[in-house]
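Numbered according to mature numbering (1 follows the signal peptide of the UniProt record, and there is no 0), the sequence shown spans residues -20 to -1, 1 to 144.
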Amino acid sequence: MGGGCVVVMVALVMCLLVLGTEETTWKVGDSKGWQLNVDYAQWSRGKLFVAGDFLLFTYDKNTENVLEVSAADYASCTTIAPIAAYSDGNTTVLLANYGRRFFISGIPGHCLASMTLQIHESPEPVFSPLSPLTIPPVPSLSPPHQESSPPSALPRSARQSSNL
């Protein structure tokens, strides 16, 4: 029976780890989407982007696009040789690595108007339960030891001399 408890506890811990590592789809700019006059640095601040998450860029495909670029092209708003170019209006980008990722608008003037996004992607999710996980001890398979007669608090000679 003790081995069965260990198996159940291991299964429970594994379930908790899986639940703590679900991917997240981050809608860039939240309800505003990917457009001018949104502070994407503020939007990304405090978010933990991890491998397995997705970035969702929503925008008007007739007037906007998204380019993933190198750090140098991000800094200079260069659109000539993007890593990837998207123009479908509803772009989902898988975060599958780690490190910095850089996105800009490829429309002339938009990158210079701060239509840019830089994120830091962590290699793996961080599991942090709300409270520490404690595993109860495995019950003993042997019965508890019982003495044949309960011990006295005082030896017999001490009880007789004090009239107890």
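Note that the Cβ used here is the ideal one computed from N, Cα and C, for glycine as well.
* With respect to the beta strand (DSSP E) encompassing Q98, which residues constitute its N-terminal and C-terminal limits? -> The residue given as residue 98 occupies position 118 in the sequence shown. Q98 -> beta strand (DSSP E) spans 96 to 102.
* Asked: At which residues does the beta strand (DSSP E) containing Y66 begin and terminate?
  -> Along the sequence shown, read from residue 1 onward, the residue named residue 66 stands at position 86. It spans 64 to 66 - the beta strand (DSSP E) in which Y66 sits, taken as one unbroken run.
* Asked: On the three-state DSSP scale, how would you describe K41?
  -> Against the sequence shown, residue 41 aligns to sequence position 61. K41 falls in the coil class under three-state DSSP.
* **The beta strand (DSSP E) enclosing W6, as first and last residue numbers** => Against the sequence shown, residue 6 aligns to sequence position 26. Boundaries of the beta strand (DSSP E) harbouring W6: 5 to 7, taken from the DSSP string.
* To do: Determine the direct distance from the alpha carbon of P103 to that of D40, and round the result to whole angstroms.
  => Along the sequence shown, one-based indexing puts residue 40 at 60. Along the sequence shown, one-based indexing puts residue 103 at 123. One C-alpha to the other measures close to 32 Å.
* To do: Excluding the 5 residues preceding and the 5 following T43 in the sequence, name in chain order all residues of the same chain whose CB lies nearer than 8 Å to its CB.
  => Taking the sequence shown and counting its residues from 1, one reaches residue 43 at position 63. Here the set comprises I87.
* To do: Kindly identify the DSSP beta-bridge partner or partners of T71.
  => As a first step, residue 71 must be located in the sequence shown, where it is residue number 91. In the DSSP assignment, the residues bridged to T71 are F37.
* Asked: For the candidate residues V18, K7, D10, whose alpha-carbon lies nearest to that of C91?
  -> The residue labelled residue 91 in the question sits at position 111 within the sequence shown. Between C91 and the set V18, K7, D10, the nearest pair of CA atoms involves V18.
* Asked: At which residues does the beta strand (DSSP E) containing residue 145 begin and terminate?
  -> Residue 145 lies beyond the stretch modelled for the chain, which goes from -20 to 144, so this question has no answer here.
* Since I80 is in the beta strand (DSSP E), which residue starts that stretch and which ends it? -> Taking the sequence shown and counting its residues from 1, one reaches residue 80 at position 100. Here residue 80 is Arg; the residue named in the question, Ile, does not match the sequence. That run of the beta strand (DSSP E) goes 79 to 84.
* **Reference W23, options G32, A55, F37, closest by Cα** => Here the question's residue 23 lines up with position 43 in the sequence shown. For W23, the closest of G32, A55, F37 by C-alpha to C-alpha distance is F37.
* **Burial state of E2 (16 or more Cβ within 10 Å)** => Locating residue 2 in the sequence shown gives position 22, where the first residue counts as 1. Label assigned to E2: exposed.
* Are the beta-carbon atoms belonging to L97 and D33 less than 8 Å from one another? -> For this step, residue 97 is matched to residue 117 along the sequence shown. For this step, residue 33 is matched to residue 53 along the sequence shown. No, the Cβ-Cβ distance between L97 and D33 is not below 8 Å.
* Asked: By how many angstroms is the C-alpha of F83 removed from the C-alpha of G26?
  -> Stepping through the sequence shown from its first residue, residue 26 is reached at position 46. Stepping through the sequence shown from its first residue, residue 83 is reached at position 103. When rounded, the distance between both Cα atoms is 18 Å.
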